[in-house]
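Participant: Handing you a structure now.
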Amino acid sequence: MSKRCVKHWNLPCHWTGQRFVRMRQSLMPASLEGTSNPGQAVVLQTSKFLESMTMPNDDFSSAGMKTIIISAPLVTKGGVFRSTCELVESARAQGLDWSALIITRGDLNPGRLPVGVDVRVVNQSGIRGLLELRRILSSSETVGQAEAVISMIPQTDMLLSTINRGRKKIHVAFVRGAAWPRKGESNELRRRIWRLIERWALGQMDEVWTTTTVLREEIEWSSAVIVPAGIADIGSQEEPQVSFEPANVVWAARMSIDKNPHLFLNVLDELKVPGFMYGDGELRFELETSKPTNVTFGGWADPLTLWDSAGIYLGTSFREAFGRSAVEAAARGLPMVLSNAFGAAPLLFTDPELKDRFVLDPLETDAWIRATRELSEDAMLRQRVGHHVWKNANLLTIEKSVEAVRRRLHMIKDLNEIEKNV
Numbered sequence: 436m437s438k439r440c441v442k443h444w445n446l447p448c449h450w451t452g453q454r455f456v457r458m459r460q461s462l463m464p465a466s467l468e469g470t471s472n473p474g475q476a477v478v479l480q481t482s483k484f485l486e487s488m489t490m491p492n493d494d495f496s497s498a499g500m501k502t503i504i505i506s507a508p509l510v511t512k513g514g515v516f517r518s519t520c521e522l523v524e525s526a527r528a529q530g531l532d533w534s535a536l537i538i539t540r541g542d543l544n545p546g547r548l549p550v551g552v553d554v555r556v557v558n559q560s561g562i563r564g565l566l567e568l569r570r571i572l573s574s575s576e577t578v579g580q581a582e583a584v585i586s587m588i589p590q591t592d593m594l595l596s597t598i599n600r601g602r603k604k605i606h607v608a609f610v611r612g613a614a615w616p617r618k619g620e621s622n623e624l625r626r627r628i629w630r631l632i633e634r635w636a637l638g639q640m641d642e643v644w645t646t647t648t649v650l651r652e653e654i655e656w657s658s659a660v661i662v663p664a665g666i667a668d669i670g671s672q673e674e675p676q677v678s679f680e681p682a683n684v685v686w687a688a689r690m691s692i693d694k695n696p697h698l699f700l701n702v703l704d705e706l707k708v709p710g711f712m713y714g715d716g717e718l719r720f721e722l723e724t725s726k727p728t729n730v731t732f733g734g735w736a737d738p739l740t741l742w743d744s745a746g747i748y749l750g751t752s753f754r755e756a757f758g759r760s761a762v763e764a765a766a767r768g769l770p771m772v773l774s775n776a777f778g779a780a781p782l783l784f785t786d787p788e789l790k791d792r793f794v795l796d797p798l799e800t801d802a803w804i805r806a807t808r809e810l811s812e813d814a815m816l817r818q819r820v821g822h823h824v825w826k827n828a829n830l831l832t833i834e835k836s837v838e839a840v841r842r843r844l845h846m847i848k849d850l851n852e853i854e855k856n857v
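Per the numbering used here, the sequence shown starts with residue 436, numbered consecutively.
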C-alpha cells in the first residue's frame, strides 16, 4: 500500500475518529465479509487496527513526540506570532516536548518569549531571503531532531517541501490565513504562480489542517482537517458588566486592504462616536491623513491596553481565516459587529437573530452603520450581545487547541504504522 494512497484517504472530517471509520469501510467492503478471499486476512487485520483507533484514549504515543512549530517569515507580531508562542507555552505546561522557530524580517521586538520559542531575524528579501530561510531550516538541529514539524506559513510549506526530510518525520501544514493572494491583491501572474507552488507544497504534506470550514473552502482543499484554534487566557475571565457610559468603538488589525479599515472610518465618520484604531501596516499613512477627528490611532498595543478601554469591537475584514482579535474581544464580553468573512463568526454568534443583525456583509456600509448605532445607543443590547459572544468564546481555549493537535499527530503516526504493517 503506497504512502500516496494512504495519505489521500484523508477525507473531510473533524479530528475525531470519523476519518478512520470511513477508511475502515473503504478497506473492508461488504462483499469481503464472511468470504475466504485470499486478501481477507490482511484487510480484516487492518480494519481491526483502524477500529481500535476510532475512539482513542488519553494515553497517546504522541505525548512524548518531539514537535516543532515553524512560522517563517513573519513581518508583524500578529495572530500567527502569538498563536505560535501560546501553543508552545501551553503544550510545555502540559509536559509536552514542543518548541517553535519563528523567523522575522526585521526586528519585531518580541519581548518576553516562552521557553522553547526561538526567534531569528533575516534582513534579506526576495530570493536571497528565501535562500537564507531555507539554510536556517535545513541546518537547524531542533528541526532536524523533531519527530513532527508543523508549518504555519505558506512560505514555510514551500521551503519544507524542497528539503530532503525523510519519511520518519511527520510534516503538517497548519493553514492559519490566506494561503495565496486573492485577485486584485497582487500581480495576476505572481498570484497564479504562488497558488500553484503552495498547492504543490500542500500535496507533499502528511496532512493539511485549517482552523475553520471557511478557510478550508477558501483554499479549496476538501481533505483539510479542522483543528480548532484557541486563545490563551480564554475562560479565565469573569463575565464583565457592560458600561452604561457611551461606548468607545475599537478596530484592531493589520492596516491592509484585506482588513478593510476604510469601512471602520466610514462608520465612525457617520456616527461621530469615539473610535480607536490599533495596528500598523502599509495603509497607515493614508488612513491617518483621511480619518475623522473622532478616531484615534494607537499603533500595536498589548491586549490589556487594547481591550480595557473598548466598548464595541468592529471586525471589518474582507477575509479573516479565524479572527483572533474578535475572539479576544468576545472573551472580555465586548459586543461586536463582525464581517461574515470571519471564520470565528459562526462560533461566536450561535443565536440566529443576533447573527443576522451583527454578522454582516463587509460591503454593506449602511447595515454596519445601523448595527453599530443600535449597540452604541442601547446598553441592554450591548449587555445581551456581549454575554452571548463571551459565553461562546470561553469554549475556544488554547488548551483545547493543543489537545486537538496532539490527537491529530497521534492519528497520523498510527496511520504511518499501517503503511509499515500492510
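Where a beta carbon is used, it is the ideal one built from N, C-alpha and C, also for glycine.
Where ARG805 and GLY714 are concerned, what is the direct C-alpha to C-alpha distance, given to the nearest angstrom?
Facilitator: As a working mapping, residue 805 is identified with position 370 in the sequence shown. As a working mapping, residue 714 is identified with position 279 in the sequence shown. So the alpha carbons of these two residues sit roughly 25 Å apart.
Participant: Quick one: what does DSSP say LEU479 is sitting in, helix, strand or coil?
Facilitator: Start at 1 with the first residue of the sequence shown, and residue 479 comes out as number 44. Residue confidence for LEU479 is low, a pLDDT of 39 falling below 50, so the modelled location carries little weight and cannot support an answer.
Participant: Please report the straight-line C-alpha distance between ILE661 and VAL840, rounded to a whole angstrom.
Facilitator: Translated into positions along the sequence shown, residue 661 becomes position 226. Translated into positions along the sequence shown, residue 840 becomes position 405. Whole-angstrom Cα-Cα distance: 10 Å.
Participant: Taking DSSP's pairing of strands, which residues face HIS606 in a bridge?
Facilitator: Taking the first residue of the sequence shown as position 1, residue 606 is located at position 171. Looking at the DSSP assignment, HIS606 forms a beta bridge with VAL584.
Participant: So, under 8 Å CB-CB, LEU522 and ILE504 are touching, yes? Tell me the CB distance rounded to an integer number of Å.
Facilitator: In the sequence shown, residue 522 corresponds to position 87, counting from 1. In the sequence shown, residue 504 corresponds to position 69, counting from 1. Indeed, because the Cβ distance is near 6 Å, the residues count as touching under 8 Å.
Participant: Given a cut-off of 8 Å on the beta-carbon distance, is the pair GLY762 and LEU831 in contact?
Facilitator: Numbered from 1 along the sequence shown, position 327 holds the residue referred to as residue 762. Numbered from 1 along the sequence shown, position 396 holds the residue referred to as residue 831. The sequence given here places Val at residue 762; Gly does not occur at that position. Against a cut-off of 8 Å, the Cβ pair of LEU831 and VAL762 comes out as a contact.
Participant: Could you check where the alpha helix (DSSP H) with VAL840 kicks off and where it finishes?
Facilitator: Counting from 1 along the sequence shown, the entry for residue 840 is found at position 405. It spans 833–856 - the alpha helix (DSSP H) in which VAL840 sits, taken as one unbroken run.
Participant: Got a sec, what are the start and stop residues for the beta strand (DSSP E) PRO508 sits in?
Facilitator: Working through the sequence shown from its first residue, we reach residue 508 at position 73. Residues 502–509.
Participant: Tell me ILE537's beta-bridge partners as DSSP assigns them.
Facilitator: Numbered from its first residue, the sequence shown carries residue 537 at position 102. ILE537 pairs with SER506, VAL554.
Participant: Give the straight-line distance between the Cα atoms of GLU642 and GLY733, rounded to the nearest whole angstrom.
Facilitator: The sequence position of residue 642 within the sequence shown is 207, counting from 1. The sequence position of residue 733 within the sequence shown is 298, counting from 1. In a straight line, the C-alpha of GLU642 is about 39 Å away from that of GLY733.
Participant: By DSSP, does MET771 sit in helix, in strand, or in coil?
Facilitator: Numbered from 1 along the sequence shown, position 336 holds the residue referred to as residue 771. If DSSP states are grouped into helix, strand and coil, MET771 belongs with the strands.
Participant: What three-state label does DSSP hand TRP735 in the structure shown?
Facilitator: Numbered from its first residue, the sequence shown carries residue 735 at position 300. Coil.
Participant: Please classify GLN590 as buried or exposed, where buried requires at least 16 neighbouring CB atoms within 10 angstroms.
Facilitator: Residue mapping note: residue 590 aligns to position 155 of the sequence shown, counting from 1. By the neighbour-count rule (16 or more Cβ atoms within 10 Å), GLN590 is buried.
Participant: Give the straight-line distance between the Cα atoms of LYS726 and ASN827, rounded to the nearest whole angstrom.
Facilitator: On the sequence shown, position 291 is the one that residue 726 refers to. On the sequence shown, position 392 is the one that residue 827 refers to. Rounded to the nearest angstrom, the two C-alpha atoms are 33 Å apart.
Participant: Would you tell me roughly how many angstroms separate the C-alpha atoms of TRP644 and THR597, rounded to the nearest one?
Facilitator: Your numbering for residue 644 matches position 209 in the sequence shown. Your numbering for residue 597 matches position 162 in the sequence shown. So the alpha carbons of these two residues sit roughly 20 Å apart.
Participant: Report yes if the C-beta distance between LEU594 and LEU568 is below 8 Å; otherwise report no.
Facilitator: As a first step, residue 594 must be located in the sequence shown, where it is residue number 159. As a first step, residue 568 must be located in the sequence shown, where it is residue number 133. Result yes, Cβ atoms of LEU594 and LEU568 sit closer than 8 Å.
Participant: Report yes if the C-beta distance between ARG759 and ALA613 is below 8 Å; otherwise report no.
Facilitator: Mapped onto the sequence shown, residue 759 falls at position 324. Mapped onto the sequence shown, residue 613 falls at position 178. In this structure, ALA613 does not lie closer than 8 Å to ARG759 by Cβ.
Participant: Mapping the DSSP letters down to three states, classify ALA828 as helix, strand or coil.
Facilitator: Looking up residue 828 in the sequence shown gives position 393. Note: ALA828 maps to helix in three-state DSSP.
Participant: Along the chain, where does the alpha helix (DSSP H) that runs through THR802 open and close?
Facilitator: Sequence index remark: in the sequence shown, residue 802 carries index 367 (1-based). First, the residue type needs correcting, since residue 802 is Ala and not Thr in the sequence shown. It spans 800–812 - the alpha helix (DSSP H) in which ALA802 sits, taken as one unbroken run.
Participant: Enumerate, from N- to C-terminal direction, the unbroken beta strand (DSSP E) stretches of 3 or more residues contained entirely within the region 741–791.
Facilitator: Here the runs fully enclosed are 747–750, 771–774.
Participant: Taking its Cβ as the centre, do 16 or more other Cβ atoms sit within 10 Å of MET640, making it buried, or is it exposed?
Facilitator: The count along the sequence shown starts at 1 and reaches residue 640 at position 205. So MET640 counts as buried.
Participant: Tell me the rounded alpha-carbon separation between VAL510 and VAL702.
Facilitator: Locating residue 510 in the sequence shown gives position 75, counting from the first residue. Locating residue 702 in the sequence shown gives position 267, counting from the first residue. When rounded, the distance between both Cα atoms is 29 Å.
Participant: If contacts are defined as beta-carbon pairs under 8 Å, then ALA766 and ALA745 qualify, I think. What distance do you get, rounded to the angstrom?
Facilitator: Taking the sequence shown and counting its residues from 1, one reaches residue 766 at position 331. Taking the sequence shown and counting its residues from 1, one reaches residue 745 at position 310. With 8 Å as the limit, ALA766 and ALA745 do not qualify as a contact, their Cβ atoms being about 12 Å apart.
Participant: Give the DSSP-derived three-state secondary structure of PRO447 in the structure shown.
Facilitator: Counting from 1 along the sequence shown, the entry for residue 447 is found at position 12. Its pLDDT being 37, under 50, PRO447 is placed unreliably by the model, and the measurement read from it follows with that caveat. Here PRO447 sits in coil by DSSP.
Participant: What residues in its chain sit with their C-beta under 8 Å from that of ARG540, if we drop five residues either side in the sequence?
Facilitator: If you number the sequence shown from 1, residue 540 lands on position 105. These residues qualify, in order along the chain: PRO508, LEU509, VAL510, VAL556, VAL557, ASN558, SER560, GLY564.
Participant: Give every residue of the same chain whose Cβ lies closer than 6 Å to the Cβ of ASP494, excluding the five residues on either side of it in the sequence, and list them in chain order.
Facilitator: Working through the sequence shown from its first residue, we reach residue 494 at position 59. In this predicted model, ASP494 has a pLDDT of only 47, less than 50, meaning its place in the structure is not dependable; the value taken from the coordinates is given anyway. If we look at ASP494 and ignore the five residues flanking it on each side, it has no Cβ neighbours.
Participant: Are ILE585 and THR502 close, meaning C-beta to C-beta below 8 Å?
Facilitator: For the purposes of this step, residue 585 is identified with residue 150 of the sequence shown, where counting begins at 1. For the purposes of this step, residue 502 is identified with residue 67 of the sequence shown, where counting begins at 1. Closer than 8 Å, so yes.
Participant: What would DSSP say about TRP644, mapped onto helix, strand or coil?
Facilitator: Position 209 of the sequence shown holds residue 644. In this structure, TRP644 counts as strand in the three-state DSSP scheme.
Participant: Mind checking which residues open and close the beta strand (DSSP E) that includes ALA687?
Facilitator: The count along the sequence shown starts at 1 and reaches residue 687 at position 252. 684–687 is the extent of the beta strand (DSSP E) around ALA687.
Participant: Less than 8 Å separating the beta-carbons of ALA776 and THR647?
Facilitator: Counting from one through the sequence shown, the residue named residue 776 turns up at place 341. Counting from one through the sequence shown, the residue named residue 647 turns up at place 212. Taking 8 Å as the Cβ cut-off, ALA776 and THR647 do not qualify as a contacting pair.
Participant: Helix, strand or coil, according to DSSP, for LEU531 in the structure here?
Facilitator: One-based indexing of the sequence shown puts residue 531 at position 96. In this structure, LEU531 counts as coil in the three-state DSSP scheme.
Participant: With a cut-off of 8 Å, do at least 3 Cβ pairs link the region 687–701 to the region 717–725?
Facilitator: Output reads yes: the region 717–725 touches the region 687–701.
Participant: Would DSSP call VAL660 helix, strand or coil?
Facilitator: One-based indexing of the sequence shown puts residue 660 at position 225. Correct three-state label for VAL660: strand.
Participant: Please identify the residue among VAL552, LEU749, ILE537, ASP813 whose C-alpha is closest to the C-alpha of GLU524.
Facilitator: In the sequence shown, counting from the first residue as 1, residue 524 sits at position 89. It is VAL552 whose Cα lies nearest to the Cα of GLU524.
Participant: Label THR724 either buried or exposed according to how many other C-beta atoms from any shown protein chain fall within 10 Å of its C-beta, with 16 as the threshold for buried.
Facilitator: Along the sequence shown, one-based indexing puts residue 724 at 289. Exposed, by the Cβ-count rule.
Participant: For the candidate residues PHE784, PRO549, LYS855, LYS694, whose alpha-carbon lies nearest to that of VAL824?
Facilitator: The sequence position of residue 824 within the sequence shown is 389, counting from 1. Ranking the options by Cα distance to VAL824, first place goes to PHE784.
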